[in-house]
Amino acid sequence: MFSSVTDRVRRLVNVLLLVLESFKPTAVAVVMVRNAGRHGVGDMAAAVGYYGILAILPLLIFTITVLSYVLDTETIVNEVHLIVSRYVPLGANLIDDNVDAIVQSRGAIGIISLMALAWSGSNFFGAMARFMDTAWGNANPYPFHMVRIKSVITVGSVSALLLSSLAMSTLVHAAEGADLDGWLGALAGVVDVGGRLVLGVASLFGAIAGLLMLYRWLPSDHTPWRYCVPAAFVAGISLEIIKNVFLFYFTTFGSFDAVYGSLASVVILLVWIYVAGFVILLVAELGGALREVNVRNRRVYPPV
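The end of the sequence shown is residue 346 by the working numbering, with every number in the run present.
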């Protein structure tokens with residue numbers, strides 16, 4: 043009796059899936075969910091969290107060491123705090139505890155140390171490259187040495203994006219600190235609001251640019267622009283929305299301090315990296331599903 047009910051439910055589900063796969067939007071959704079389960083996106087996101095928590099400090103040390111040769115300590119601490127709080131909610135306090143020590147010890151960090159930091163940070167991007175290949179369905183991944191070279195180059199590119207974001211932030215804050223009332227009068231408030239808006243938009247597009255680099259550059263088979271550009275926008279906007287929900291939840295209902303004590307900041311950072319990794323990989327599955335459905339439709343309905 044039970045087996046017959048199970049068979050009927052299974053047949054009903056199969057019919058429903060066939061109906062959904064007859065329309066392109068729902069077909070993409072079905073393929074995405076199916077591939078995400080088949081590829082183990084949740085497990086891959088957990089691995090991203092592990093590699094991310096190990097890579098975030100080496101990447102910051104690499105960037106801060108470069109910055110410390112052109113900026114003073116106070117400026118670096120303030121701007122790095124703003125950048126980290128913009129992209130890593132509730133993780134700024136954990137990072138701040140290490141920034142002062144990093145800046146003070148810059149004399150001990152030479153070229154060899156910088157290369158070692160870049161190598162350490164590249165482990166995260168090497169893992170992301172393997173996961174992207176899985177999500178996009180690339181059957182011929184690069185050999186180890188090519189993945190490592192691309193990962194190290196990605197470390198430099200991400201550091202350049204952080205430097206650009208810091209430069210933009212510094213300019214906006216310098217304008218805010220200037221005596222604009224004497225120059226612009228009533229328009230000073232408008233310029234102040236406009237500067238904050240520019241900073242917010244630049245932050246969003248900086249994240250989208252970084253995601254576009256991940257989707258386009260890291261996979262072994264370069265993803266067509268028509269798939270990776272929408273994926274980067276969807277992931278960037280989704281992460282911005284989820285970040286605000288994340289902040290609201292942990293500042294309103296979160297009780298991690300009562301459970302994890304002094305480790306609460308580390309756990310929250312790990313949870314955020316896991317959530318962000320899950321979103322990034324799920325959107326990669328979305329792009330892979332869109333490509334799979336398009337290829338399948340071309341086979342079924344060849345061009346005339």
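We put the CB at the ideal spot given by N, CA and C, even for glycine.
Around the beta carbon of residue 287, fewer than 16 other beta carbons lie within 10 angstroms, which makes this residue exposed.
Measuring C-alpha to C-alpha distances from residue 163 to each of 197, 330, 184, 169 identifies 197 as the nearest.
Look at residue 256 here: in three-state DSSP terms it is helix. For residue 125, the closest of 114, 112, 111, 105 by C-alpha to C-alpha distance is 105. By the Cβ rule, the segment 325 to 335 counts as touching the segment 74 to 89, because three or more pairs are nearer than 8 Å. Under the DSSP assignment, residue 77 falls in the alpha helix (DSSP H) whose first and last residues are 66 to 81.
In the displayed model, residue 264 falls within coil according to three-state DSSP, outside both helix and strand. Rounded to the nearest angstrom, the gap between the Cα atoms of residue 253 and residue 122 is 20 Å. Of the candidates 331, 336, 335, the residue whose Cα lies closest to the Cα of residue 176 is 331. Within the same chain, 164, 168 come within 7 Å of residue 190 by CB-CB distance, once the 5 residues on both sides are set aside. A residue is called buried when at least 16 other Cβ atoms come within 10 angstroms of its Cβ; residue 193 meets this threshold and is buried. In the three-state scheme derived from DSSP, where H, G and I count as helix and E and B as strand, residue 329 is classed as helix.
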